[in-house]
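> Numbering (full-length UniProt numbering), first residue to last: 1 to 309.
Before we start, here is the structure in question, set down as structure tokens.
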């Protein structure tokens with residue numbers, strides 16, 4: 001068995017760093033430009049245009065107001081600042097998987113491995129990465145840094161999460177997304193990994209919290225994680241089952257086919273509203289079936305992102 005085949009079947013942790021590297025090598029191979037290159041150029045100030053200079057950066061809107069030519073000066077930051085946000089509530093541990101691998105992931109496993117893979121790309125560029133983890137509390141926060149020691153510390157934390165057998169029951173997306181948004185002061189690229197399931201707030205409040213992430217001109221990408229067969233199509237057959245809410249502990253006994261049509265209609269409406277809100281707030285929405293091909297999902301996103309830079 002070669003190394004790649006062995007890694008494909010390896011448990012998520014303690015092989016997290018190697019699995020992330022395998023995914024990234026598959027994407028980087030043959031591609032010159034990074035999917036995150038160029039984000040860090042920030043506007044600094046105006047200066048008077050001098051005859052003979054390039055007209056590329058002339059501010060034509062300012063010219064229309066003042067009848068004078070000014071050019072925009074940009075300040076190149078050494079590092080891109082990127083902040084990862086991971087929902088660590090009980091519903092993210094669905095479906096239950098005893099030994100997660102690259103080809104057998106639940107929602108939390110997908111989130112952990114995706115963060116590790118993106119961190120691998122950013123590490124190659126010496127970029128700064130931070131991490132927030134929340135459930136019913138703000139479990140973990142680390143500001144953006146680019147050192148190897150910091151990278152290994154974040155990998156260690158992600159590894160701990162992948163081994164968690166008693167996740168918090170509830171999740172407080174609303175309050176903690178607001179709190180995280182307040183913490184990230186400088187313009188950053190923000191990745192949010194969540195299933196967007198919650199019981200304590202209405203949908204409008206959750207959408208309001210998503211919008212808050214956009215302040216300070218942050219770029220935001222939402223990876224919406226779900227098990228499509230079960231959570232989107234409610235495919236449980238027609239035998240009697242007990243359905244348990246892992247966050248509230250409530251349960252109901254029923255034949256799934258009796259409610260399948262109504263469930264699919266309600267969940268479709270919610271997803272369409274979420275996508276519409278993301279488009280309205282200029283948040284990149286990525287719908288993820290965690291039972292699909294992990295490498296294909298992540299690589300498709302990165303290639304698509306690269307085309308629009």
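Ideal placement from N, C-alpha and C gives every residue a C-beta, glycine not left out.
Which residues in the same chain as residue 299 place their Cβ atom closer than 7 Å to its Cβ, once the five residues preceding and following it in sequence are excluded?
To locate residue 299, count along the chain shown from 1; it is residue 299. Excluding residues within five positions, the ones whose Cβ falls inside 7 Å are 26, 27.
> Following the continuous beta strand (DSSP E) through residue 190, name the residue where it begins and the one where it ends.
Sequence index remark: in the chain shown, residue 190 carries index 190 (1-based). 189 to 194 is the span of the beta strand (DSSP E), which, as asked, contains residue 190.
> From residue 102 to residue 119, what does the alpha carbon distance come to, in whole angstroms?
Counted from its first residue, the chain shown places residue 102 at position 102. Counted from its first residue, the chain shown places residue 119 at position 119. Cα to Cα, residue 102 sits roughly 17 Å from residue 119.
> Mapping the DSSP letters down to three states, classify residue 293 as helix, strand or coil.
Your numbering for residue 293 matches position 293 in the chain shown. It is coil, neither helix nor strand.
> In the stretch 238 to 272, which residue ranges form an unbroken beta strand (DSSP E) of at least 3 residues, counting only runs that do not cross its ends?
You should have 240 to 244, 251 to 255.
> Going by C-alpha to C-alpha distance, which of 50, 80, 193 sits closest to residue 290?
For the purposes of this step, residue 290 is taken as residue 290 along the chain shown, with counting starting at 1. Of the candidates 50, 80, 193, the one whose C-alpha sits nearest the C-alpha of residue 290 is 193.
> Under 6 Å Cβ to Cβ from residue 24, same chain only, skipping five residues before and after it: list those, please.
For the purposes of this step, residue 24 is taken as the residue at position 24 of the chain shown. Once the five neighbours on either side are set aside, the close Cβ partners of residue 24 are 117, 120, 121.
> Per the contact definition of three or more C-beta pairs closer than 8 Å, is the stretch 277 to 296 in contact with the stretch 212 to 232?
Flag = yes, the stretch 212 to 232 and the stretch 277 to 296 touch.
> When the Cα atoms are used, what is the spatial distance from residue 271 to residue 195?
On the chain shown, position 271 is the one that residue 271 refers to. On the chain shown, position 195 is the one that residue 195 refers to. Distance between the alpha carbons of residue 271 and residue 195: 11 Å.
> Do you know offhand how far residue 86's Cα is from residue 266's?
Walking along the chain shown from the start, residue 86 turns up at place 86. Walking along the chain shown from the start, residue 266 turns up at place 266. In a straight line, the C-alpha of residue 86 is about 25 Å away from that of residue 266.
> Quick one: using the 10 Å Cβ neighbour count with 16 as the cut-off for buried, is residue 293 buried or exposed?
Position 293 of the chain shown holds residue 293. Label assigned to residue 293: exposed.
> Contact between the stretch 51 to 69 and the stretch 80 to 99: three or more CB pairs below 8 Å?
Contact between the stretch 51 to 69 and the stretch 80 to 99 is absent, because fewer than three Cβ pairs lie under 8 Å.
> Quick one: what's residue 221 bridged to in DSSP?
For the purposes of this step, residue 221 is taken as the residue at position 221 of the chain shown. Paired residues: 191, 284.
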